[in-house]
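Taking our numbering, the leading residue of the sequence shown gets 23, the next gets one more, and so forth. Here a beta-carbon is modelled for each residue, glycine too, at the ideal position from N, C-alpha and C. Everything on this sheet refers to the single structure shown next.
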Amino acid sequence: MKVALEHAGFDVSMVWHKDSELPAGTDLVAVPGGFSFGDYLRCGAIAAHAPIVGALKAHGARGGYVLGVCNGFQVLTEAGMLPGALLRNAGLKYICRTVGLR
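Below, the structure written as structure tokens:
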């Protein structure tokens, strides 16, 4: 994700889940995919309590941009930054299809 954002013209700074602050002047926070803490409880549930999440919430509350991709989206949902809840699909199988968003 870092390389893609740099390619798009962003000046990228990396933060660690144990950090409690974002770099000054942050415009966009991108939370990448991957398996956080092995997803042993619920996808993103444990990561949603990481120290950096407070800074993410404050950034979003100020109108800052926050992008969650794959497990990053699940972390944002578990942290209460997005409405609703994560649900399993009816067939309990992987589904890959185009979905329209409003």
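Original post:
Can you list, in chain order, the residues of its chain whose CB lies under 6 Å from that of T99, leaving out five sequence neighbours each side?
Top reply: Once the five neighbours on either side are set aside, the close Cβ partners of T99 are L108.
**OP:** Assign V25 to one of three DSSP states: helix, strand, or coil.
**Re:** In the structure shown, V25 sits in a helix (DSSP, three-state: H, G or I).
Subject >> Cβ shell of Q96 (< 7 Å), same chain only, five flanking positions each side left out >> reply: The residues are C65, G66 and L108.
Original post:
Can you give, in chain order, each stretch of the alpha helix (DSSP H) that sits fully within the segment 80-113 and has at least 4 residues?
Top reply: Listed in chain order, they are 93-100.
**OP:** Measuring alpha carbon to alpha carbon, tell me which of G85, L78 and G86 ends up nearest G94.
**Re:** Considering only alpha carbons, the answer is L78.
Subject >> Through-space distance from G47 to A112, alpha-carbon basis >> reply: So the two alpha carbons sit approximately 43 Å from each other.
Subject >> Endpoints, the beta strand (DSSP E) within which A52 is located >> reply: That run of the beta strand (DSSP E) goes L50 to V53.
**OP:** In angstroms with no decimal places, state the Cα-to-Cα distance between V85 and A30.
**Re:** The sequence shown places Gly at residue 85, not Val. Computed Cα separation, rounded: 21 Å.
Subject >> Proximity winner among L50, V34, H71 and A83, relative to F59 (alpha-carbon distances) >> reply: When C-alpha distances from F59 are compared across L50, V34, H71 and A83, the shortest belongs to H71.
Original post:
From D33 to A26, what does the alpha carbon distance come to, in whole angstroms?
Top reply: D33 and A26 have their C-alpha atoms spaced approximately 11 Å apart.
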